[in-house]
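Residue numbers (full-length UniProt numbering): 1 to 389.
Note that beta-carbon positions come from the ideal geometry of N, C-alpha and C, so glycine has one too.
Down below is the structure, laid out as structure tokens.
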Amino acid sequence: MRRVALSPRPDWTEQVERLGFAFHTIDGETYWDESAAFAFTLEEIERDIEGPTEALEQLCFAFIEKALDSEETLTRLAIPAEHWDYVRESWQRGDRNLYGRLDLAYDGHGPAKLLEYNADTPTALFESSVVQWDWLEQAMARGAIPKGSDQFNSLHERLIAAFGALREPSPYRLHLTCVQDSPEDKGTVDYLADCAVQAGLDARFTYIEELGLLTDGRFCDGANQPIETLFKLYPWEWMFRESYGSALAGSRCQFIEPPWKAVLSNKGLLACLWEMEPGHPNLLPAFFEGDPRCATLSARHVRKPLYSREGANVTLLERGRVLDSDDGPYGAEGHVLQDAATNLFSSEGNYAVLGSWLVASQACGLCLREDASPITKNTSRFLPHYIEP
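Okay, here's the thing in structure tokens:
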């Protein structure tokens with residue numbers, strides 16, 4: 001694994017906008033950054049990223065089986081008790097999941113380490129799937145990277161196939177939703193809607209603020225059309241706390257991601273996995289804050305809220321001194337402490353985190369986010385990658 005400095009395409013903004021990538025710049029700062037790319041060997045991808053990603057996914061499934069039988073665990077994960085049966089039944093029914101992203105520390109040496117699992121509402125999908133693939137083809141064509149280079153990226157094909165597996169009975173109507181005033185969320189949902197249409201689904205969009213309830217208990221969109229299946233780029237912990245939270249179980253709506261993802265989309269998962277598999281090569285030591293075992297952590301460790309997005313309220317500490325932190329609205333439900341990764345890729349004053357994508361629980365893509373801070377934030381730059389021939 002190495003970081004390779006490159007010259008951006010002179011017309012890169014026009015090239016990414018041609019694809020429909022509207023949020024390449026955030027608050028005047030570059031988000032899509034092709035001034036460099038990350039090069040990997042095929043062995044690094046297959047041995048150190050793809051294989052461990054699928055192994056961690058299976059470990060998570062084993063954890064769900066244990067967690068759903070443990071009121072203590074569900075309480076520690078801050079899942080409201082009134083929704084426990086709803087979450088359990090979703091798992092027992094085998095409700096299908098669509099996608100997720102494991103964030104990993106990896107520098108090309110030793111095993112990748114799990115930093116967190118974005119199991120419910122991961123973004124950076126469109127740029128991972130379409131934009132960086134387009135960059136790869138153009139980079140080879142202009143000689144910026146070697147001809148015959150490849151990319152760990154079958155996201156687009158896998159997403160279409162996964163949506164196609166939902167198409168029973170046919171025609172199959174799928175609603176997709178996200179919050180208003182978030183270009184990144186809307187871009188992610190628009191891309192998923194396009195994949196669903198390519199899979200033969202009838203895809204319709206409605207903002208989360210437009211969701212309503214019909215008299216028969218079903219959800220409806222802004223046009224009062226009933227919702228049978230809903231892809232929601234909106235976290236389960238927020239859904240549970242909405243005014244319609246008590247209506248979820250009786251709504252007859254299939255949700256993507258399914259309710260059982262609430263068990264995984266929670267940084268308490270990090271402590272639970274370590275407790276279940278201490279010493280696992282792809283895990284970092286982690287404990288719930290207040291656990292006496294926190295004293296066994298390294299002097300340099302990270303405090304993370306159970307529920308948090310894009311690095312918000314994450315604090316990097318060393319011997320009690322704050323080295324770095326990011327503000328935000330999270331933390332009321334509690335925190336975990338996790339050893340700081342010693343294999344976080346760093347180069348030229350920047351840190352990079354790998355995002356390993358899963359579609360239908362199969363590893364199939366990679367993205368890299370880079371920042372001057374070791375805490376990945378909403379504004380951290382996205383850099384493309386390639387596999388050297």
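Quiz prompt | Beta-carbon contacts of S298 that lie in its chain and below 6 Å, excluding the five residues immediately before and after | solution = Closer than 6 Å at Cβ, skipping near neighbours: D339.
Quiz prompt | Cβ pair count under 8 Å reaching 3, the stretch 233 to 247 against the stretch 174 to 183 | solution = Judged by Cβ distances under 8 Å, the stretch 233 to 247 makes contact with the stretch 174 to 183, as three or more pairs qualify.
Quiz item: Is F21 closer than 8 Å to L273 when the C-beta atoms are compared?
Solution: In this structure, F21 does not lie closer than 8 Å to L273 by Cβ.
Quiz item: Which residue comes first and which comes last in the alpha helix (DSSP H) that contains G222?
Solution: Taken as a continuous stretch (DSSP letters only), G222 belongs to no alpha helix (DSSP H), as it is neither H nor E.
Exercise. Check Q58 in the structure and name its three-state DSSP category.
Key: Helix, per DSSP.
Exercise. May I ask you to report which of helix, strand or coil DSSP gives S377?
Key: The question names Ser, but residue 377 in the sequence shown is Lys. K377 falls in the coil class under three-state DSSP.
Quiz item: Do R218 and I227 have their C-beta atoms closer together than 8 Å?
Solution: The answer is yes: Cβ separation under 8 Å.
Quiz item: Is the stretch 331 to 351 close to the stretch 304 to 323, with three or more CB pairs under 8 Å?
Solution: Contact holds: three or more Cβ-Cβ distances are below 8 Å.
Quiz item: Ends of the alpha helix (DSSP H) at A141?
Solution: For A141, the enclosing alpha helix (DSSP H) has its first and last residue at Q132 to A141.
Quiz item: Between E71, K267, S35 and F152, which lies nearest to T53 when the distance is taken from Cα to Cα?
Solution: Closest in C-alpha terms to T53, from the list E71, K267, S35 and F152, comes F152.
Exercise. Would you identify the three-state DSSP class for E388, choosing helix, strand or coil?
Key: In the three-state reduction of the DSSP assignment, E388 falls in the coil class.
Quiz item: At a cut of 8 Å, does the stretch 349 to 356 reach the stretch 364 to 380 through at least three beta carbon pairs?
Solution: Output reads yes: the stretch 364 to 380 touches the stretch 349 to 356.
Self-check item: Span of the beta strand (DSSP E), counted from its first residue to its last, around S356
Solution: Residues N350 to V359.
Quiz item: Is the number of C-beta pairs between the stretch 87 to 96 and the stretch 260 to 272 that are closer than 8 Å three or more?
Solution: With the cut-off at 8 Å, the stretch 87 to 96 and the stretch 260 to 272 touch.
Quiz item: Between L114 and L102, is the Cβ-Cβ spacing less than 8 Å?
Solution: Yes.
Quiz item: Would the beta-carbon of G100 fall within 8 Å of that of Y117?
Solution: Taking the C-beta atoms as reference points, Y117 is found nearer than 8 Å to G100.
Quiz item: Skipping 5 residues on each side, what residues in its chain have a beta carbon closer than 7 Å to that of N378?
Solution: The answer, listed in chain order, is E310.
Quiz item: Taking the continuous alpha helix (DSSP H) assigned at T75, which residues delimit it?
Solution: First-last of the alpha helix (DSSP H) with T75: E71 to R76.
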